[in-house]
């Protein structure tokens with residue numbers, strides 16, 4: 343009986359020795375989603391200029407444009423900037439006594455990233471889940487797209503109005519309003 347127990351314990355210990363490191367190193371689902379979101383943001387090929395992206399992120403996270411530009415000047419990609427701001431925002435919500443402003447929280451997040459920590463470890467160390475960060479990053483990406491589409495639609499609408507205005511001026515011929523489109527062509531009955 344003792345020999346069976348010893349084999350069982352040794353087998354279990356061996357299994358745990360192999361299984362635990364493999365599963366402990368795996369990122370959780372939210373960390374994986376966040377990595378995918380970062381890749382989507384970084385690969386975004388919209389026609390939006392850097393200034394427009396800075397403006398959109400500044401508005402999304404209620405920070406000065408200079409904050410976003412500073413992160414960009416440090417060589418961060420748009421995905422990392424977005425996730426960093428979302429992480430700082432979550433930290434400020436989770437621990438407002440220690441991090442009363444988003445700037446305070448962002449400083450902490452940046453120092454942890456600089457020391458090589460991943461997003462999942464940062465969230466765990468600071469006491470919050472990554473789910474809200476994933477949502478905020480996803481929302482920011484879609485908000486940026488919507489803003490771009492709105493700007494394009496507004497631009498198109500402006501040009502259409504301008505085109506109608508210019509076209510209207512070209513078609514008017516004082517003294518001949520009934521023949522404004524083709525002043526030299528007589529009216530043909532039935533047309």
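Residue numbers (the numbering used here): 343 to 533. Cβ coordinates follow ideal geometry from the N, Cα and C atoms, glycine included. All of these numbers come straight from a predicted model, not from anything done at the bench.
Would you mind working out which of the options sits nearest residue i, comparing C-alpha positions?
i           : options               : result
residue 479 : 398, 388, 407 and 393 : 398
How about residue i and residue j: are their beta carbons less than 8 Å apart?
i           : j           : result
residue 462 : residue 436 : no
residue 403 : residue 444 : yes
residue 482 : residue 400 : no
residue 411 : residue 396 : yes
residue 419 : residue 448 : no
Using a Cβ-Cβ cut-off of 8 Å (strictly less than) and excluding sequence neighbours within five positions of residue i, which residues of its own chain qualify?
i           : result
residue 471 : 372 and 465
residue 392 : 414
residue 406 : 400
residue 423 : 399, 410, 413 and 414
residue 467 : 454 and 459
residue 370 : 462 and 472
With respect to the alpha helix (DSSP H) encompassing residue i, which residues constitute its N-terminal and C-terminal limits?
i           : result
residue 409 : 407 to 415
residue 459 : No alpha helix (DSSP H) holds residue 459; DSSP gives it neither H nor E.
residue 439 : From DSSP, residue 439 is part of no alpha helix (DSSP H); its letter is neither H nor E.
residue 376 : 371 to 385
residue 394 : 392 to 403
Return the chain-ordered list of same chain residues with a C-beta closer than 6 Å to the C-beta of residue i, the five sequence neighbours on each side being excluded.
i           : result
residue 421 : 380, 383 and 384
residue 367 : A caution first: residue 367 carries a pLDDT of 44, below 50, which makes its placement in the model unreliable, though a value can still be read off. Correct list: empty, nothing qualifies.
residue 416 : none
Answer with yes or no whether the minimum CB distance from residue i to chain C is below 8 Å.
i           : result
residue 462 : Structure shown: chain C not included; a single protein chain is present.
Output needed for residue i: all residues of its chain with C-beta closer than 7 Å, excluding positions within five of it in sequence on either side, in chain order.
i           : result
residue 375 : 476
residue 510 : Confidence at residue 510 is low in this model, with a pLDDT of 49, below 50, so the placement of that residue is unreliable and no value is reported for it.
residue 484 : none
residue 474 : 432
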